[in-house]
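J.: Residue numbers (our numbering), protein chains in the order written: chain A, 55 to 295; chain B, 14 to 303; chain C, 385 to 718; chain D, 345 to 753. We treat Cβ as the ideally placed atom computed from N, Cα and C, and that holds for glycine. Quick caveat: nothing in here was measured; it's all calculated off a predicted structure.
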Amino acid sequence: MTALLSLDAVSKRFRGLIAVDRVGFTVPEGAIFAVIGPNGAGKTTLFNMIAGAVAPDHGAIVFAGRPIHGLAADAICRRGIARTFQLTRPFPALSVEDNVTIGALLRRPEVGAARERAQELLHRLDLFDKRRRIASTLTLPDRKRLEVARALATEPRLLLLDEVMAGLRPTETDRMVVILRALNRESGLTILLIEHVMHAVMALAARVLVLDHGTMIAEGTPETIVHDPAVVQSYLGAEAV
Amino acid sequence: MPLEVYFNVVIGGVLTGLVYGLMALGLSVIFGVVRVVNFAHGEMMTIAMFIAVLAFSALHLDPLIMLIPIAAVMFVFGYALQVALINPFIRRPEHTQFLLLVALAIIIANTLLIIFGPDARSVQTAYALDSFQLGPIIIDAAKVYAGAAAILFTVALFAFFRLTLVGKAIRACADNYTGALVVGLDVQRLYALTFGLGAACVGAAGAMLVLVVDVTPMLGPSYTLLAFVIVITGGLGSMPGALVGGVLIGVTEALAGLLFTPSAKSMFAFAILVLVLLFRPQGLLGRRLS
Amino acid sequence: MIARLTTGVVRRSTVLLALLLGALVAAPWFVNDYLLTVLILILYFAYAGQAWNIMMGFAGQLSLGHAIYVGLGGYVAATLFVRFGVAPWLGLLAAIPIAAAAGAFIGFLAFRFGVAGVYFAILTIAFAEFARIGFDHWDLVNASSGLFLPVREYAHNDLWRLRGDPTMFYYVILAATVVAFALCRLLLRSRVGYFWLAIREDEQAARAAGIDTFRYKMYAVMISAAVTAFAGVFYAFFYNNLFPEQVFGISRSIGIILGPIIGGVGTLFGPILGAFVLTGLAETLNSVMTAFGLDLPGATQVFYGICLLLVVVALPDGVWPPLARRLGVAEDGK
Amino acid sequence: MTRISMQANRRRMLAGAAATAATLAAPAILRAAGGALRVGVLLPRSGFEAGIGQDCQRGADLAPAILKSLGLPDITLMNADTESNVDTARARAEKLIGDGAQLLVGAFDSGQTTAIAQVAEQKGIPFVINIAAAPAITEQGYKFVFRNFPTAPMILGDAFANQKNIFAAIGAAPKSVVFMHVNDTFGTAMAKGIGAVMPKFNMPYTIAEEIAYDPAARDLSVEVAKAKAADADALLVVSRLNDAMLLTRELVKQRWTPQAILSMGPGWYDDQYLKTLGSLADGPISFVPWYDPHKKLTQVLEAALAKADSNVNLNTNHIFTFEALLVAADAYRRAGSTDPKALAAAIRTTNITDNVSIGPGIAFNAKGQNDKVKDGAIQNRGGKLLTLAPKDAANAKPEWPMRSYLSRG
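(1) Would MET58/B pass as a contact of TYR190/B if the rule is Cβ separation under 8 Å?
(2) Taking only runs that begin and end inside the segment 257-285 of chain B, name each unbroken beta strand (DSSP E) of 3 or more residues, in chain order.
(3) Would you say VAL502/C faces chain B, with C-beta separation under 8 Å as the test?
(4) Give, in chain order, every unbroken run of the alpha helix (DSSP H) that is at least 4 residues long and sits entirely within the segment 499-554 of chain D.
(5) Would you identify the three-state DSSP class for LEU595/D, choosing helix, strand or coil?
(6) Under the three-state reduction of DSSP, which class applies to THR420/D: helix, strand or coil?
(7) Taking only three categories from DSSP, how would you classify ARG776/D?
(8) Under 7 Å Cβ-Cβ, which residues of chain C neighbour ALA737/D?
(9) Return the residues of the segment 653-685 of chain C that lie within a Cβ-Cβ distance of less than 9 Å from chain A, sorted by chain order.
(10) Have a look at GLN723/D and PRO275/B and give me their C-alpha separation to the nearest angstrom.
(11) Cutting at 7 Å between CB atoms, please list the residues of its own chain near ALA733/D, excluding the five before and the five after it.
(12) Of all the residues that make up the segment 500-533 of chain D, which are near chain C by a beta-carbon distance shorter than 7 Å?
(13) Select from VAL672/C, ALA479/C, GLU585/C the residue whose C-alpha is nearest the C-alpha of ALA189/A.
(14) Since ALA158/A contacts ALA207/A with CB under 8 Å, what's their CB separation in whole angstroms?
(15) Name the two residues that bound the continuous alpha helix (DSSP H) containing PHE173/B.
(16) According to the Cβ coordinates, are ALA610/C and TYR428/C closer than 8 Å?
(17) Flag ASN189/B as yes if its beta-carbon sits less than 8 Å from any beta-carbon of chain D, otherwise no.
(18) Indicate whether MET87/B and VAL223/B have their beta-carbon atoms separated by less than 8 Å.
(19) Mind checking whether ALA88/A and LEU222/A have CB atoms under 8 Å apart?
(20) Grab the span of the alpha helix (DSSP H) containing ARG186/A for me, first residue to last.
(21) Output the distance between the C-alpha atoms of ALA372/D and TRP704/C, rounded to the nearest integer angstrom.
(22) With a cut-off of 8 Å on the beta carbons, I'd call GLN685/C and ILE119/B a contact; round off their distance for me.
(23) So, is the C-beta of GLU585/C closer than 8 Å to a C-beta in chain B?
(24) Less than 8 Å between CB atoms is the rule here; does TYR459/C satisfy it with respect to chain B?
(25) What would DSSP say about GLY702/C, mapped onto helix, strand or coil?
(26) Check whether chain C comes within 8 Å of LEU425/D, counting only Cβ atoms and requiring the distance to be less than that.
(27) What ranges does the beta strand (DSSP E) occupy inside the segment 599-665 of chain D, keeping only unbroken runs of at least 3 residues that lie completely in it?
(28) Using a Cβ distance threshold of 8 Å, determine whether the segment 150-170 of chain B contacts the segment 25-39 of chain B, with at least three qualifying pairs required.
(29) On the premise that GLU438/D lies in contact with SER390/D, defined as a C-beta separation below 8 Å, what is that separation, rounded to the nearest angstrom?
(30) Quick one: list the residues of chain B neighbouring VAL649/C, beta-carbon separation under 9 Å, in chain order.
(31) With a threshold of 8 Å between beta carbons, is PRO534/C in contact with chain D?
(32) Is there a Cβ from chain A that is less than 8 Å from the Cβ of PRO700/C?
(33) Per the contact definition of three or more C-beta pairs closer than 8 Å, is the segment 282-294 of chain B in contact with the segment 229-245 of chain B?
(34) Give me the chain D residues within the contact set of VAL157/B, using Cβ-Cβ distance strictly less than 9 Å, ordered along the chain.
(35) Check the Cβ of ALA604/C against every Cβ in chain A and list those closer than 8 Å, keeping chain order.
(36) Does the separation of the CB atoms of PRO131/B and ALA476/D fall below 8 Å?
Encoded structure:
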């Protein structure tokens with residue numbers, strides 16, 4: 055497997071506070087890769103740097119063989135990286151279908167074709183029946199699904215998911231896991247996720263990276279991670295095991 | 014041109030700029046906290062100016078003495094306005110607030126027209142036409158008094174925001190709305206207080222301005238625009254910024270009038286505004302917005 | 385089932401629009417000259433309001449200085465006509481790129497330097513004022529003494545040179561309003577329209593969805609400016625005089641903006657309805673005042689202001705969205 | 345003051361009520377068969393020109409009674425407010441015509457006047473302009489538009505002629521002047537005209553500096569400092585009311601009294617100017633379209649105005665609005681019909697010699713312009729306006745040079 059995304063010694067500082075400190079890892083094409091860590095560990099900052107919302111101070115981010123650090127968010131999306139937001143940001147006054155259609159228009163300039171694609175994705179994410187609803191009226195789980203659908207609509211090679219399981223009931227989490235796994239299997243979509251719900255991480259990810267205070271403290275398969283003493287101490291605690 | 018002309022003009026610009034700054038301060042305080050752009054700002058000042066004219070013509074009360082009472086009246090007006098009308102609009106989109114305040118401006122200006130008629134009104138104090146002469150330099154006395162009063166008023170307001178509990182609470186609201194709600198501050202009342210204070214500033218400025226400017230009911234829009242320019246130049250939400258912006262705009266217009274054709278002098282004020290927006294969008298003394 | 389319902393909605397709004405259009409086309413046979421003038425004013429504001437709505441209603445960029453495009457359009461076409469005898473429709477070909485270029489310049493500065501929200505709005509006012517003062521000093525356009533168009537040839541209607549009676553101007557502005565409506569509908573249903581809505585709703589999320597927001601905001605400003613330019617050309621040839629104070633002034637900008645806000649920002653029909661409501665209101669108030677023999681300057685405007693206030697308090701999203709729901713022709717989510 | 349303007353408004357309301365009653369009472373068919381001539385009066389009575397518009401209205405309100413006393417037929421005023429806006433001016437003109445106005449009068453502002461002129465021309469309704477100096481208005485080949493007010497070049501020509509008369513009378517003249525003008529429609533038209541007109545008069549002075557300022561200026565201290573620094577003998581100005589007051593105050597504050605202030609526009613003779621500035625208002629000489637104090641009708645008009653508004657001095661705004669209505673009533677008498685075409689034909693042959701303004705009287709040339717109207721020179725003295733020139737209208741000798749501002753109470 056070739057590397058789709060690789061980070062090399064990426065750092066970011068905010069007003070003297072080091073949010074991310076020399077983080078480096080590689081996500082192979084077609085993998086599902088998880089980043090975990092306690093709140094404030096720098097996960098979202100790391101995501102924001104990959105997605106182009108903020109530029110790294112140091113280090114390199116290479117996607118599909120080309121450096122992308124410092125590019126604008128929209129340029130990075132056009133290269134093939136789509137993201138969701140931890141605090142969901144649908145287009146509030148638009149319908150569910152329009153939200154996803156907008157994503158699909160990136161690769162399918164024809165509105166009709168984009169709408170068809172959006173409807174397929176809404177089916178996939180169990181939102182088809184709600185496609186005429188105004189996005190701001192959706193429940194949190196639906197909004198999370200909508201974000202995933204909109205991100206998928208841009209036809210990414212790499213999908214960045216920022217805590218899409220948070221706030222979901224166990225059955226909903228399982229459903230999301232099934233959907234994501236199917237996407238990964240069928241189209242070879244690479245997924246990088248930040249997740250607190252360890253159950254989902256264990257079920258999905260082939261590899262896990264653990265961040266704490268901006269630095270990497272472990273990387274490996276889920277099984278090795280959960281037994282890593284440093285991880286257990288800093289983050290997982292007794293109840294997660 | 015003789016050198017003293019430059020001195021005269023610059024000193025005049027600084028003094029007028031201070032009064033403009035106080036007027037703009039009201040806009041700045043309101044925007045900084047309530048996040049509403051007061052498009053009726055100039056009209057509110059016109060109300061204050063007419064009150065000053067009435068007080069002088071009916072009771073021979075000097076506008077500088079009336080400064081505090083007029084500020085108090087305008088405070089009540091602003092407070093009531095916020096409670097009755099503006100409060101439901103705080104979370105609404107900007108264009109809706111714009112419409113609300115434009116409607117208010119239309120009502121104020123034309124009510125004043127009906128009550129006072131269209132003619133320019135002024136206040137002829139004993140010192141209205143005095144000037145101080147220092148060698149070749151001549152300084153307009155009324156502008157000196159007005160400028161000094163503007164500084165005093167601003168210092169008092171600054172102290173209020175820094176030292177009193179209510180002032181600190183208002184600043185907390187401005188910094189973090191949700192946070193203020195969480196710690197149990199009565200945000201709506203604080204907003205009303207703020208709008209009242211902003212109105213008081215513009216009221217005080219109006220009382221001073223009648224010393225140097227005649228008032229007509231249609232004066233509002235040009236002062237609203239001036240307040241925008243000053244406040245954005247100095248930094249929206251920054252109190253010293255408003256005064257600095259006022260002085261900068263005052264001096265710029267004065268010098269531009271001297272060096273170029275005076276009829277185009279406000280173009281230079283707009284040029285400064287554009288430059289500030291582009292290169293220092295938070296304003297000269299404003300804090301950078303995230 | 386759902387499909388049948390939607391076609392029903394579409395058909396109903398088409399029928400209503402056709403009825404309105406039919407009534408407007410037939411209007412000159414039924415109304416007197418005064419009402420015809422009022423209708424021209426309404427359509428003029430409906431047209432300009434639609435143009436502004438492209439920028440604000442669709443792409444979410446609040447322009448409070450739209451008079452600059454009215455003024456540029458009017459002055460370019462009028463100057464070409466007065467100085468070189470160029471017909472207004474050819475003048476329009478110059479006015480449109482010039483207005484669009486001005487829009488592009490303002491947009492470029494604002495969007496490149498991250499000027500947004502209220503700051504952007506004030507920047508647009510600043511440029512309109514800039515233009516006003518500049519034209520007040522520009523001798524080629526007669527500075528502040530005003531540019532007058534020759535109005536001699538009234539004998540017959542000359543559509544090519546836009547010289548003629550109010551009925552001709554009425555049909556010109558009616559056609560322009562219809563074209564603008566069709567254009568807005570087309571834009572809103574196209575890729576660019578969806579991208580604008582995304583930017584209006586959440587610019588950061590729009591960028592995350594791969595939208596080059598700078599470019600699409602530029603399109604919005606330029607198209608809006610270009611469409612507005614014709615309002616200026618129409619103004620120049622209908623009133624036959626241009627004064628910088630009258631065409632570039634802040635009150636003209638406000639006049640353009642009020643209609644769409646009252647009607648419903650971001651809707652297709654809102655700007656048109658808003659123009660009817662506002663101009664209708666102003667004229668009705670005036671007639672009522674005259675009928676009661678109340679000749680008190682300023683009183684009409686006070687009542688007008690109060691009505692504006694009541695509408696915005698009662699219907700903050702504008703008159704059209706609730707009315708459309710009542711009529712069963714709601715514009716789906718947009 | 346408040347009380348007075350309220351009274352004026354109430355009176356106007358009553359007049360309006362009467363007009364409406366008349367409208368309702370008279371069926372359309374009877375209109376042509378005599379009765380009062382219905383005149384639409386369009387003035388900017390709100391908005392930024394409200395002051396002047398309402399002042400003009402005073403002249404209109406006095407007209408019907410005076411004209412009746414002269415034995416002229418009745419006229420009924422139909423008042424409309426243009427709100428200082430071109431769009432509104434046009435709509436109001438259409439409305440007035442729709443409501444039965446048979447003749448229009450207005451509208452002070454050149455832009456609004458042009459908009460109304462087009463409506464009048466299309467409808468074939470005569471339009472008598474009270475005040476508007478832009479030359480272009482009567483260069484359009486209109487058949488139904490008439491102007492009993494001088495154009496900017498005419499005002500300039502008369503101003504220079506009258507100045508030379510005054511200089512000759514006092515045996516002195518300034519060597520240099522600073523020319524300050526407001527940068528609005530009228531001010532720019534005058535500034536442009538001056539280059540063409542002044543050389544023809546071989547004036548004794550040169551223009552040391554030209555200073556254009558903003559009509560909405562909040563402060564004129566810089567402008568005056570600049571003018572003072574030019575070190576000229578006199579001040580030549582074209583201004584409006586507010587800026588005239590601002591300029592005067594700045595002259596006092598900056599302690600500069602020029603030999604003379606020669607104004608070629610409104611402002612310096614306005615009532616508001618005299619009342620507000622008191623003794624400081626004395627001295628400026630205005631070269632403007634004015635009344636001839638010796639004419640009989642002037643005295644009638646002055647008396648009527650004194651009765652209606654004792655605080656107000658007769659001025660240009662009243663005179664020319666009144667004269668516009670005089671033209672209307674006179675035409676109606678001669679035409680004997682309210683038919684617009686007959687009225688327009690009658691106006692074209694107007695020859696009124698018993699009028700108010702200076703000059704031989706009112707008559708219109710082929711373009712509809714009264715090219716006989718003459719300007720006067722008036723000086724503010726002790727709160728009154730004295731006429732210095734032309735000779736046959738004069739009732740005082742000039743006071744020259746101006747008394748120093750610093751020596752006044």
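T.: So, to answer that:
(1) In this structure, TYR190/B does not lie closer than 8 Å to MET58/B by Cβ.
(2) For the segment 257-285 of chain B, not a single whole beta strand (DSSP E) run of length 3 or above is found.
(3) For VAL502/C, the answer is yes, since a Cβ of chain B falls inside 8 Å of its Cβ.
(4) If one requires a minimum length of 4 residues, the alpha helix (DSSP H) runs lying completely within the segment 499-554 of chain D are 529-541, in chain order.
(5) Helix, per DSSP.
(6) The answer is strand: DSSP assigns THR420/D an E or B state.
(7) Limits of chain D in this structure are 345 at one end and 753 at the other, which puts residue 776/D out of reach.
(8) Chain-ordered listing is empty here: chain C has no CB closer than 7 Å to the CB of ALA737/D, the nearest sitting near 29 Å.
(9) Within the segment 653-685 of chain C, not one residue has a Cβ closer than 9 Å to any Cβ of chain A.
(10) Cα-Cα distance, rounded: 28 Å.
(11) These residues qualify, in order along the chain: ASN506, ASN509, ILE510, GLY720, ALA721.
(12) Of all residues in the segment 500-533 of chain D, those with a C-beta nearer than 7 Å to a C-beta of chain C are ASN527, ASP528, THR529, THR532, ALA533, reading in chain order.
(13) Looking at the Cα atoms, GLU585/C is the closest of the given residues.
(14) At roughly 4 Å, the Cβ-Cβ gap stays under 8 Å, so ALA158/A and ALA207/A are in contact.
(15) That run of the alpha helix (DSSP H) goes 154-176.
(16) It is not a contact, given that the beta carbons lie outside the stated cut-off.
(17) For ASN189/B, the answer is no, since every Cβ of chain D falls outside 8 Å of its Cβ.
(18) Not closer than 8 Å, so no.
(19) No, these two residues do not count as a Cβ contact at 8 Å.
(20) Unbroken run through ARG186/A: none, as it is neither H nor E.
(21) Confidence at ALA372/D is low in this model, with a pLDDT of 39, below 50, so the placement of that residue should be treated as unreliable; the coordinate-derived value is given next. The C-alpha of ALA372/D lies about 40 Å from the C-alpha of TRP704/C.
(22) With 8 Å as the limit, GLN685/C and ILE119/B qualify as a contact, their Cβ atoms being about 6 Å apart.
(23) Contacts with chain B at 8 Å (Cβ-Cβ) do not include GLU585/C.
(24) Not an interface residue.
(25) Coil, per DSSP.
(26) The displayed chain sequence assigns Asp, not Leu, to residue 425/D. Put simply, the CB of ASP425/D is near chain C, with a gap under 8 Å to one of its CB atoms.
(27) DSSP assignment within the segment 599-665 of chain D yields the following whole beta strand (DSSP E) runs of 3 residues or more, N-terminal first: 605-607, 629-633.
(28) Using a Cβ-Cβ distance cut-off of 8 Å, the segment 150-170 of chain B and the segment 25-39 of chain B are in contact, since at least three pairs of beta carbons, one from each stretch, lie closer than that value.
(29) Not really, about 19 Å apart at Cβ, beyond 8 Å.
(30) Among the residues of chain B, those whose CB is under 9 Å from the CB of VAL649/C are PRO106, HIS108, THR109, following chain order.
(31) Closer than 8 Å to some Cβ of chain D, the Cβ of PRO534/C qualifies, so yes.
(32) Using a CB distance cut-off of 8 Å, PRO700/C does not count as an interface residue toward chain A.
(33) Because the criterion of three Cβ pairs below 8 Å is met, the segment 229-245 of chain B and the segment 282-294 of chain B touch.
(34) Chain D residues near VAL157/B: none, gap ~11 Å exceeds 9 Å.
(35) Proximity of chain A to ALA604/C at the Cβ level (cut-off 8 Å) is not reached, the minimal Cβ distance being about 15 Å.
(36) Taking a C-beta distance under 8 Å as the contact criterion, PRO131/B and ALA476/D do not qualify as a contact pair.
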